[in-house]
Every structure is written in structure tokens, then in C-alpha cells.
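S.K.: I have a structure I would like to understand better, so I am pasting it below and will then ask my questions one at a time.
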Amino acid sequence: MSEYRIDPALVAGNHQQLAGYQAQHFLWQVSAGVATITLNRPERKNPLTFESYAELRDLFHRLKWAQDVKAVVLVGAGGNFCSGGDVHEIIGPLVALKAPELLMFTRMTGELIKAMRACPQPIIAAVDGICAGAGAIMAMASDMRLGTARSKTAFLFNRVGLAGCDMGACAFLPRIIGQGRASELLYTGRSLGGEEGERWGFFNRLAEPEALLEQAQKMAADLAAGPSFANGITKTMLHQEWAMTIDQAIEAEAQAQAICMLTEDFKRAYEAFVAKQKPQFQGN
């Protein structure tokens, strides 16, 4: 098989290496294609700030071009996932802002969710303890969620006088757990326990707290070892087909699958099958 080559000019504009990225407002680590983002303010149950929102938004946007990251794990430090927006550093200042600045903020938070959806890497949220407000939205926007029995997920917006339609919650949550259950959580703001969350389909599965991160990283490593280009196409289609008819979706998937059949990974899988070996995917 001839060596796979890309024009250097195209690489310069579309390939990035993010393993060495120096995060300012959370922890960032990349190992064997798996990036781990750790929200790291454990003394406050890992709340978000204006700065961490913006950095997360920009980092997930850059992941579109990252060639050394194949899957992402999102986790919180200290036994909690994320308590939402910091009461003192976000909620307090918002009370004093006028409409244009408030819209600037809500659009920024929404852009984080858009960037999580748009990056090709599957995102796995490892949820332990408190997972509230914007933290619950980030978990919801991840592709898969692992939880613990002690996790408590709550969409708290109505508890502070706001609508439950925040950062895409009214679009995402019903698709994950159903309209009636989503309505209950968004109207009441009550906590969803880990075992209930697994029964409802919010969590893919539960793990013991001490094994949660390891299991999430193992799942991410399995994905990273797979055909990452094809995985990115799967993620794109999962999101795009929300707005398609069945016939449109079938045609879109026909086109997407034909593209995947042109990849070297497709050839590698066939050749490995013939040789009775496990394919070594490279994402091209």
C-alpha cells in the first residue's frame, strides 16, 4: 500500500497538536489519544467562571483540528463533577448587567455546548457527586455519561427564577430521557440520583466512585483505538439527523458511509480480517 500523504499547506491550516496545550482554568492531560479535562476547584465543587466557560468553549472548538486527540473525558476533582456557575463570580455579577451583556453571556455558554457537539471526538462525562446547573448541561451535552450511585444531577435553573431552557436543555434532555421525565426535572429542579439516572437512560452505566475515572478513560481509550474518522462521522450524523426526515437521514447516511469506505482504515479492517488479525486503525 502506498504511503498516505497530505499536502503540507493543507496540514498547516487544518492539523493541530493539542497534547501540549497549557490550560489556565482547569486541568488538561493527553495520553494515547485520550484527553482528560478535569474541572479543578474541589473546594467549591468545581463551579464554572466566566474565564473557564470561555476557555472550555475555545478548547472544544480547537479540537476540530486536533490530530492527537481521539476521545475526551470530562471529570471533576474531589468527588464532585460541577456545581454549575459560581454563585459569587458569575451569578452575583449577572444581576447587575443589562440585556446586551446578559445576552453576550448566555450566547457564550451556548457556544460551549455547540463546540462540544461540533468537535469530532466522542466526549465521555465521568459524573460523581454534585452535577448541577451548567455542570448538568455539560454532562448532558457529552456523548456518553458514566455515573455513580451517589451522583446527584439537577437542572437548577427554576430554583433561581430562571427558565429550564438553558444551553439547549429543552432540546437535549427530552431526547435522552423522554419528554415527561425531562419536564419533571426542568420544572422542579429536583436532583436525579445515580441509580434513577441509569434507569432513565441519562447514565450509560454506573461505576464505583474510586473506579469511575479509570472506567471512563478505558472507554475513551477503546474509542481512541478505533476508526476515529468514522467515529467523527457517526457523531456528526447523530446530531444532524435530529432535523431530518427518515428518508433524508437514510440518504445522508448513504453518502456518509460511502465516504468512510474511501478511508485507509476501511482497507485496514478488511486486510486485518483476511489475515485474522486485529486492525490497527490510524484515523485516515
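Take the sequence shown: its position 250, counting from 1, is numbered 250 in the UniProt record's numbering, and each next residue is one higher.
No residue lacks a Cβ here, since even glycine has one placed at the ideal position from N, Cα and C.
Which first and last residues belong to the alpha helix (DSSP H) in which Trp200 is found?
M.R.: Gly194 to Trp200 is the span of the alpha helix (DSSP H), which, as asked, contains Trp200.
S.K.: In the DSSP assignment, the beta strand (DSSP E) including Gln29 goes from what residue to what residue?
M.R.: Gln29 -> beta strand (DSSP E) spans Leu27 to Ser31.
S.K.: Skipping 5 residues on each side, what residues in its chain have a beta carbon closer than 6 Å to that of Arg268?
M.R.: Within the same chain, Arg268 has close Cβ partners Pro279.
S.K.: Could you tell me which residues DSSP pairs with Arg145 in its beta bridges?
M.R.: Arg145 is bridged to Ala125.
S.K.: Mind the definition here: the stretch 55-72 touches the stretch 243-252 only if three or more C-beta pairs lie below 8 Å; say whether that holds.
M.R.: With a cut-off of 8 Å, the stretch 243-252 and the stretch 55-72 do not count as touching, because too few Cβ pairs lie within range.
S.K.: Which residue's Cα is closest to the Cα of Asn80: Gly197, Met116 and Ala132?
M.R.: The option with the nearest alpha carbon to Asn80 is Ala132.
S.K.: For Arg117, which of helix, strand or coil comes out of DSSP?
M.R.: Of the three classes helix, strand and coil, the one that applies to Arg117 here is helix, per DSSP.
S.K.: Is the CB-CB distance between Ser38 and Leu27 below 9 Å?
M.R.: Here residue 38 turns out to be Thr, not Ser, going by the sequence shown. A contact, by the Cβ cut-off of 9 Å.
S.K.: From Gly78 to Asp128, what distance separates their C-alpha atoms?
M.R.: For Gly78 and Asp128, the distance between alpha carbons rounds to 9 Å.
S.K.: Cβ of Lys267 versus every heavy atom of the ligand GDP: is any distance shorter than 8 Å?
M.R.: Although the ligand GDP was asked about, the structure shown includes no ligands whatsoever.
S.K.: Tell me whether the beta-carbon of Ala139 lies closer than 9 Å to the beta-carbon of Ala125.
M.R.: For Ala139 and Ala125, yes; Cβs fall inside 9 Å.
S.K.: What residues in its chain sit with their C-beta under 7 Å from that of Arg181, if we drop five residues either side in the sequence?
M.R.: Here the set comprises Trp200.
S.K.: Between the C-alpha atoms of Ala258 and Gln67, what's the straight-line distance to the nearest angstrom?
M.R.: Roughly 22 Å between the two C-alpha positions.
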